[in-house]
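Data block below; observations after.
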Amino acid sequence: MFQVFLCILKRDLTLALRRRTDVLTTLFFFVIVVSLFPLGVGSERELLRLLGPGVVWVAALLASMLALERLFAADYDDGTLEQLLLAGQPLSLLALAKITAHWLLTGLPLVFIAPLMAMQYALEPVAIGVMMASLAIGTPVLSLLGAIGAALTLGLRGGGILLSLLILPLYIPVLVYGAGAVGVSVIEIADTQPYFYLLGAFLLAGLVLAPPATAAALRISLE
Amino acid sequence: MTINWFKYASPAAFYPIAGRLVPVFSIAALGLVLFSLYWGFFETPERLGGSNPQKEYYRIIFVHVPSAWMSMWLYLVLAAWSGIGLVFNTRLSFMMANAIAPTGAIFTFIALWTGAFWGRPSWGTYWDWDPRLTSELILFFMYIGFMALHSAIDDSRRADRAAALLAIVGLVMLPVIYWSINCPDPNNCAALHQRSSLTQIESNILTAMLTMTLGFWLYSFATAFARLQGIILTRELESAWVRDMVSGPTPAASGG
Amino acid sequence: MLEVKDLSCRRGDRLLFSGLSFSLPASTLMHVRGRNGSGKTTLLRALCGLLHPDDGDILWRGESIRELSDDYNRDLLYFGHLNGIKADLTGIENLRVAATLDDDRIDDEEIRGALERIGLMGFEDLPTRMLSQGQKKRVALARLMLSRAPLWILDEPFTALDTDAVAQLEALIAAHVADGGSAVLTTHQEVALTRGEIRRLDLGARPGTTTPVGAAAAA
Numbered sequence: 000m001f002q003v004f005l006c007i008l009k010r011d012l013t014l015a016l017r018r019r020t021d022v023l024t025t026l027f028f029f030v031i032v033v034s035l036f037p038l039g040v041g042s043e044r045e046l047l048r049l050l051g052p053g054v055v056w057v058a059a060l061l062a063s064m065l066a067l068e069r070l071f072a073a074d075y076d077d078g079t080l081e082q083l084l085l086a087g088q089p090l091s092l093l094a095l096a097k098i099t100a101h102w103l104l105t106g107l108p109l110v111f112i113a114p115l116m117a118m119q120y121a122l123e124p125v126a127i128g129v130m131m132a133s134l135a136i137g138t139p140v141l142s143l144l145g146a147i148g149a150a151l152t153l154g155l156r157g158g159g160i161l162l163s164l165l166i167l168p169l170y171i172p173v174l175v176y177g178a179g180a181v182g183v184s185v186i187e188i189a190d191t192q193p194y195f196y197l198l199g200a201f202l203l204a205g206l207v208l209a210p211p212a213t214a215a216a217l218r219i220s221l222e
Numbered sequence: 000m001t002i003n004w005f006k007y008a009s010p011a012a013f014y015p016i017a018g019r020l021v022p023v024f025s026i027a028a029l030g031l032v033l034f035s036l037y038w039g040f041f042e043t044p045e046r047l048g049g050s051n052p053q054k055e056y057y058r059i060i061f062v063h064v065p066s067a068w069m070s071m072w073l074y075l076v077l078a079a080w081s082g083i084g085l086v087f088n089t090r091l092s093f094m095m096a097n098a099i100a101p102t103g104a105i106f107t108f109i110a111l112w113t114g115a116f117w118g119r120p121s122w123g124t125y126w127d128w129d130p131r132l133t134s135e136l137i138l139f140f141m142y143i144g145f146m147a148l149h150s151a152i153d154d155s156r157r158a159d160r161a162a163a164l165l166a167i168v169g170l171v172m173l174p175v176i177y178w179s180i181n182c183p184d185p186n187n188c189a190a191l192h193q194r195s196s197l198t199q200i201e202s203n204i205l206t207a208m209l210t211m212t213l214g215f216w217l218y219s220f221a222t223a224f225a226r227l228q229g230i231i232l233t234r235e236l237e238s239a240w241v242r243d244m245v246s247g248p249t250p251a252a253s254g255g
Numbered sequence: 000m001l002e003v004k005d006l007s008c009r010r011g012d013r014l015l016f017s018g019l020s021f022s023l024p025a026s027t028l029m030h031v032r033g034r035n036g037s038g039k040t041t042l043l044r045a046l047c048g049l050l051h052p053d054d055g056d057i058l059w060r061g062e063s064i065r066e067l068s069d070d071y072n073r074d075l076l077y078f079g080h081l082n083g084i085k086a087d088l089t090g091i092e093n094l095r096v097a098a099t100l101d102d103d104r105i106d107d108e109e110i111r112g113a114l115e116r117i118g119l120m121g122f123e124d125l126p127t128r129m130l131s132q133g134q135k136k137r138v139a140l141a142r143l144m145l146s147r148a149p150l151w152i153l154d155e156p157f158t159a160l161d162t163d164a165v166a167q168l169e170a171l172i173a174a175h176v177a178d179g180g181s182a183v184l185t186t187h188q189e190v191a192l193t194r195g196e197i198r199r200l201d202l203g204a205r206p207g208t209t210t211p212v213g214a215a216a217a218a
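Residue numbers (numbering that gives the first Met the number 0), protein chains in the order written: chain A, 0 to 222; chain B, 0 to 255; chain C, 0 to 218.
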């Protein structure tokens, strides 16, 4: 069973490496959105320090959203998704493998580029560390939740816009606690602990609940 | 070869029942709403609260609170029908969920609108990021998402099931979202313990509010059934009974 | 063996067929016929379990395919309108993924052999997007050579293939059936295989009525 998981994971990573632009566009989208804010709201240090956590997190939300559209679309178009459904393997497991690959390609790079973005907003080193940690725990939740929406809007006209309408409201808890942890770390680092407990709880719940929901959505969409 | 009526009987059989229920619920709803408007305007005190009383404008709550309650209740009902539809594969349940969604969205919108009107005199602003208002806004997005997804899918069967699954995912997520909005700082969750103020409310105010809620509820039944009739007709357009009804001498019942 | 009882399917709000019953014992090939839009693909997708029928049961070895679920899928090979291969992967990589998904332990030599037999020697290490339409289809069909599934469901497998490949595929299906497997296929092309001693199922509206019906005829 683990072998099947690895097989799909490897397949998706190989495919992404052969089409690197897709991965890079997501990353640059994130960088551009974050960089635009100081141009819009002014470059006053105190203001930026205040806005930083929220802006980086909202940009991460949007970047994850943008990449989600492609999660199942290519497999749907060439018929491989159909074959995954008929593979005689638990579909939740296959969905989880695809989500994992998706996160490794779109979520994880954000974690590593975030310090650079945080410097634009004059965040303290401690806050930068907390931001990386919160993104590392929070972005998988975004991929997990988003996969359900991506599966539901598979093959629809204007699916991308619809996807954001369906999924962005569901991202609120992750946004609130992800950005909240960074914000509070500036004041008192010990206070960030409950935020991470909550994000961790979301991740665990997401790992358990999202793959079956995604599988059900895929079955509905491929009927 | 004949169609197996056992399974399709439900929409066909329910159509005339819904037709008969619509006027009953409409009239009852109208009566209750008129009654509670009268009660709310003439039998209740002119001001609400002790040290810093709200003046006449507090009467907005006679519309605001019932519509907020209904908006939440209807989402629950919608998700329940969606769940039943997915589990038992019954087409009428999905139709029911679809018929409820617009009414729920309207109540959510009314709650937001009246909330803004009430907020202007009491908070000095139309919009405040008050947890309850924000949650209501999210609920509005949920309704819109449900309807948008359903209308974006051409195949009605896929549309039904996809929207139903979304409704259930939304139902699971709503408490988490609500909680995160209410308590953005887990170190200090004061807002969570906001007491219900129902018990301290004067009985006349409560009467007007509760009868209005009941009126809105009956109104929801009326609109949902009327809309359901329309949905059944379009979905069953090819069935013999619809063709008989449309072409036959009996005039169609008031459709939605 | 596959057994269909009183099946009805609709696409959107349109009833395609109802009351369809037939059974497909081992070592048989069934040709599903009907004009465009008569529900051939829908029936095949229902047989795969991809599509929820509106009514009726589909049994595999006496058990409902809904309940068998993954166990049924392991016994099944579906070949649809889409090839189901990734354009950015090579033929070998595609088949390796397919084999892993089927829980088949197949080494690269076997895959290479299958690709060679289907006439793709020298192309096995190219991304399939560099191949022609017919060659892509051949990559997908190489799955049939590697598969051990007893039930094949093939939707228009002969399109885009040249005469050599058609003959090869026919031989493959014939060998599968002779070997105790069963197969359901649709095709608009007249091939030698469909003229032989096989079962036929005709789908489609009866002339003069608008009520769709399903009629089964066994030859």
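We treat Cβ as the ideally placed atom computed from N, Cα and C, and that holds for glycine. Everything numeric in this text was worked out from a predicted model, so none of it was measured.
is_contact[residue i, chain B] using C-beta, thresh 8 Å
i, result
"Leu-169(A)", "yes"
"Arg-65(C)", "no"
"Arg-34(C)", "no"
"Arg-13(C)", "yes"
"Asp-133(A)", "Looking at the sequence itself, residue 133(A) is Ser, so the reference to Asp does not match. So, not an interface residue."
"Ile-136(A)", "no"
"Asp-201(C)", "no"
"Val-175(A)", "yes"
"Ile-98(A)", "no"
"Asp-74(A)", "no"
"Ser-235(A)", "Chain A is shown from 0 up to 222; residue 235(A) falls before or after that span and cannot be answered."
is_contact[residue i, chain C] using C-beta, thresh 8 Å
i, result
"Glu-237(B)", "yes"
"Pro-108(A)", "no"
"Gly-255(B)", "Residue placement at Gly-255(B) is flagged as unreliable, the pLDDT there being 38, under the threshold of 50; the coordinate-derived value follows with that caveat. It does not: the Cβ of Gly-255(B) has no partner Cβ on chain C nearer than 8 Å."
"Asp-77(A)", "yes"
"Ala-216(A)", "no"
"Pro-210(A)", "no"
"Ala-117(A)", "no"
"Arg-18(A)", "yes"
"His-192(B)", "Only weak support exists for where His-192(B) lies, its pLDDT of 48 falling under 50; the coordinates are left without a value."
"Pro-89(A)", "yes"
Residue-level contact to chain A via CB, residue i, 8 Å cutoff
i, result
"Arg-73(C)", "yes"
"Arg-157(B)", "yes"
"Ile-110(C)", "no"
"Gly-83(C)", "yes"
"Cys-8(C)", "no"
"Met-141(B)", "yes"
"Ala-79(B)", "no"
"His-187(C)", "no"
"His-175(C)", "no"
"Ala-88(B)", "Looking at the sequence provided, one finds Asn at residue 88(B) rather than Ala. So no, Asn-88(B) is outside the interface."
"Leu-88(C)", "yes"
"Arg-160(B)", "yes"
"Ala-251(B)", "Since pLDDT at Ala-251(B) reaches only 47, below the 50 mark, its modelled position is unreliable, and the value read off the structure follows with that caveat. No, Ala-251(B) does not count as interfacial toward chain A."
"Ala-225(C)", "Lying outside 0 to 218, the shown extent of chain C, residue 225(C) is not represented and no answer is given."
Sheet register partners of residue i (DSSP bridge)
i, result
"His-30(C)", "Leu-184(C) and Arg-199(C)"
"Thr-89(C)", "Pro-126(C)"
"Val-3(C)", "Phe-21(C) and Ile-57(C)"
"Ser-63(C)", "Leu-58(C)"
"Trp-151(C)", "Leu-76(C) and Ala-182(C)"
"Arg-10(C)", "Arg-13(C)"
Distance cut-off 7 Å: residue i Cβ against heavy atoms of the ligand SAH
i, result
"Gly-169(B)", "In the structure on display, the ligand SAH does not appear, and there are no ligands present to speak of."
- prompt: Which residues, in order along the region 23-40 of chain B, keep a beta-carbon less than 7 Å from a beta-carbon of chain A?
  reply: none
- Task: Report the residue ranges of all alpha helix (DSSP H) runs contained in full by the region 135-219 of chain A; include only those spanning at least 4 residues, in chain order.
- Result: 158-166 and 171-184
task: Could you tell me whether the region 50-67 of chain C touches the region 1-10 of chain C, using the rule of 3 or more Cβ pairs below 8 Å?
output: yes
Please list, in chain order, the residues of the region 38-58 of chain A that have any C-beta partner in chain B closer than 8 Å. none
Query raised in the report: Can at least three beta-carbon pairs, one atom from the region 141-150 of chain A and one from the region 105-125 of chain B, be found at a separation below 8 Å?
Result: no
Is the number of C-beta pairs between the region 106-123 of chain A and the region 157-171 of chain A that are closer than 8 Å three or more? no
Contact between the region 28-37 of chain B and the region 71-80 of chain C (3+ Cβ pairs under 8 Å): no
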